[in-house]
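S.K.: Could you have a look at this structure, given as structure tokens, before my questions?
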Amino acid sequence: MLVNNNHLNERLTRKSQQIYHFIRKHGSVSKQDIVIGLKLSLPTVTQNLQYLTDMELVDTSKKILNTGGRNATAYTYIRSTRMAIGVYLTSNHISVVAVDLSGNVVDMEKVQIKFDLADEDYLKRIGELVELVKVRTDIKDESLLGVGIAVQSLVSSDGETIRYGIALDFAKTTRKEIAKYIPYKNRLFHDPEMACYAEVWIDRSIQNAFYISLSNSVGGAVVVDNNIYRGNSLKGGEIGHMLAVRENGEKCYCGKYGCFDTVCRATKLDEYTNGNLDAFFVKLRSGDKIAQEKWDAYLYELSLAIHNIRMLFDGKVILGGYVGAYIGDYIDQLCELVDARTPFEDDKAKDYLMPCKYKVEATAAGAAMNYIDDFFDEI
Numbered sequence: 003m004l005v006n007n008n009h010l011n012e013r014l015t016r017k018s019q020q021i022y023h024f025i026r027k028h029g030s031v032s033k034q035d036i037v038i039g040l041k042l043s044l045p046t047v048t049q050n051l052q053y054l055t056d057m058e059l060v061d062t063s064k065k066i067l068n069t070g071g072r073n074a075t076a077y078t079y080i081r082s083t084r085m086a087i088g089v090y091l092t093s094n095h096i097s098v099v100a101v102d103l104s105g106n107v108v109d110m111e112k113v114q115i116k117f118d119l120a121d122e123d124y125l126k127r128i129g130e131l132v133e134l135v136k137v138r139t140d141i142k143d144e145s146l147l148g149v150g151i152a153v154q155s156l157v158s159s160d161g162e163t164i165r166y167g168i169a170l171d172f173a174k175t176t177r178k179e180i181a182k183y184i185p186y187k188n189r190l191f192h193d194p195e196m197a198c199y200a201e202v203w204i205d206r207s208i209q210n211a212f213y214i215s216l217s218n219s220v221g222g223a224v225v226v227d228n229n230i231y232r233g234n235s236l237k238g239g240e241i242g243h244m245l246a247v248r249e250n251g252e253k254c255y256c257g258k259y260g261c262f263d264t265v266c267r268a269t270k271l272d273e274y275t276n277g278n279l280d281a282f283f284v285k286l287r288s289g290d291k292i293a294q295e296k297w298d299a300y301l302y303e304l305s306l307a308i309h310n311i312r313m314l315f316d317g318k319v320i321l322g323g324y325v326g327a328y329i330g331d332y333i334d335q336l337c338e339l340v341d342a343r344t345p346f347e348d349d350k351a352k353d354y355l356m357p358c359k360y361k362v363e364a365t366a367a368g369a370a371m372n373y374i375d376d377f378f379d380e381i
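Now the structure itself:
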């Protein structure tokens, strides 16, 4: 009887993935736990556990204490056996993070530097920072899944080309140009989508949501059935350019007037404290009158956008970005403003409006998490 080894390996890989994710979910399990939990035969579990152990994905060094007999081997997954790196390029900073298989940021480097893709030294600096984090985290070449690069622009679906980069004036730039000094697998990502990706990654219960990135520019991303919805022309979620002020609106960086970006970007707040957002919230907490006036105006505009998003999508609304990291202390006030707008008595903002959970370099982390998910899919 002939055996098709390709089919055998395919079945083995599927079972191994199933077992691996069972171990990830439960933390530390015995072989019998896997047999019962996944309803698999003991030989199948044994064979696939050996495969995972050989791949250095599973650790077998610990024991599960058993008062009634021999201690069973505890199978645990190794978080650091593979890692990914995420990069976020903004107008004044480069942020680089290393992320393990649990989505934890295990190392981070952020430097202040002017964005300038025409400057060879700037491009070299990106590569140097990636290498610094890689070496400091002791990531071997074979263990590095890839480098995700988040940028303030719309990106082609294959991650190769900047489609719309007017915020930093670098449209039509390619991945190869930006990643010239990154000698590892890499691709480009749209920044608010990556911050949203990180939120959904750490909270798998989120099925449908709209993520609002409240940073020095305002962006957004839409999640439908656990997937980022990008739209027919990759502009899905571009809430920053939604018309918010019909008359006498401020000019947006896009050239139009009255965009949502002009009333809810972070600089509307920190312009009062010389660009220091933390200092603004210190003043706000201390009862500073001007800070309070600016904050009240900010929340008013934000509540209008949240209401409109809720009416359109009927899903969760996640507030992220620079302001989103602070807004948790003011969520009740914001919910009251949103509730005052809704026509539905049973639709309370506290049930769907939430501050971001990922507050440290979420955008760079999300870019790295794409490679982690690719790895899980390919195990």
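Under the working numbering, think of the first position of the sequence shown as 3, with each following residue one higher. C-beta: ideal position from N, C-alpha, C; glycine also.
First and last residue of the beta strand (DSSP E) that includes I151?
M.R.: Unbroken beta strand (DSSP E) run through I151: 146-153.
S.K.: If we count Cβ pairs, one from each stretch, closer than 8 Å, do we get three or more for the stretch 364-378 versus the stretch 142-150?
M.R.: Because the criterion of three Cβ pairs below 8 Å is met, the stretch 364-378 and the stretch 142-150 touch.
S.K.: From R248, P185, T269, pick the residue whose C-alpha is nearest to that of V220; which is it?
M.R.: The candidate whose alpha carbon is nearest that of V220 is T269.
S.K.: Identify the continuous beta strand (DSSP E) that holds V60 and give its terminal residues.
M.R.: Run containing V60: 60-66, per the beta strand (DSSP E) assignment.
S.K.: Would you mind giving the Cβ-Cβ distance between E195 and I230, rounded to the nearest angstrom? I have them listed as a contact below 8 Å.
M.R.: 5 Å between Cβ atoms; contact.
S.K.: Can V98 and A366 be called in contact, C-beta distance under 8 Å?
M.R.: Against a cut-off of 8 Å, the Cβ pair of A366 and V98 comes out as a contact.
S.K.: Within the same chain, show all residues whose beta-carbon is closer than 8 Å to that of K359, passing over the 5 residues directly before and after it, in chain order.
M.R.: Taken in chain order, the residues that qualify are E201, I204, D205.
S.K.: Is it buried or exposed for T175, if we count other Cβ within 10 angstroms and need 16 for buried?
M.R.: Buried: at least 16 other Cβ atoms inside 10 Å.
S.K.: Which one or two residues does DSSP pair with P357 in a beta bridge?
M.R.: Its beta-bridge partners are L321.
S.K.: Could you tell me how far apart the beta carbons of L271 and V319 are, in whole angstroms, since I believe they sit closer than 8 Å?
M.R.: The pair is not a contact, with the Cβ atoms about 20 Å apart (cut-off 8 Å).
S.K.: Is it right to say G260 is buried, meaning 16 or more other beta carbons lie within 10 angstroms of its own, or is it exposed?
M.R.: Buried is the call here.
S.K.: Excluding five sequence neighbours on each side, which residues of the same chain lie with their C-beta closer than 6 Å to the C-beta of V37?
M.R.: L44, V47.
S.K.: Applying the criterion that 16 or more other CB atoms from any shown protein chain within 10 Å of the CB defines a buried residue, is D379 buried or exposed?
M.R.: Classification of D379: exposed, given that the 10 Å Cβ count is below 16.
S.K.: Look up C261 in the DSSP assignment and give the residues it is bridged to.
M.R.: According to DSSP, which records beta bridges pairwise, C261 is partnered with L245.
S.K.: Report the rounded CA-to-CA distance for A342 versus Y213, giving the unit in angstroms.
M.R.: Computed Cα separation, rounded: 21 Å.
S.K.: Under the assumption that L103 contacts R84 (Cβ atoms under 8 Å), give the Cβ distance between them as a whole number of angstroms.
M.R.: Sure, about 6 Å apart at Cβ, within 8 Å.
S.K.: With a threshold of 7 Å on Cβ separation, who are the neighbours of I292 within its own chain once the five nearest residues in sequence on each side are excluded?
M.R.: So the qualifying residues of the chain are Y274.
S.K.: With DSSP collapsed to three states, give me the class of F117.
M.R.: DSSP places F117 in coil when its eight states are reduced to three.
S.K.: Three-state secondary structure (DSSP) at K178?
M.R.: Here K178 sits in helix by DSSP.
S.K.: Once the 5 residues before and after L279 are set aside, which same chain residues still bring their CB inside 7 Å of it?
M.R.: Contacts found: A268, L271, D272, Y324.
S.K.: Rounding to the nearest angstrom, what Cα-Cα distance links A364 and F346 in this structure?
M.R.: Computed Cα separation, rounded: 33 Å.
S.K.: Going by other Cβ atoms of all chains shown within 10 Å of its Cβ, with 16 needed for buried, is C266 buried or exposed?
M.R.: Answer is buried; the Cβ neighbour count reaches 16.
S.K.: With contact counted as at least three CB pairs below 8 Å, one residue from each stretch, are the stretch 237-246 and the stretch 286-302 in contact?
M.R.: The stretch 237-246 vs the stretch 286-302: no contact.
S.K.: Would a C-beta distance cut-off of 8 Å place L51 and I21 closer than the cut-off?
M.R.: Yes, these two residues count as a Cβ contact at 8 Å.
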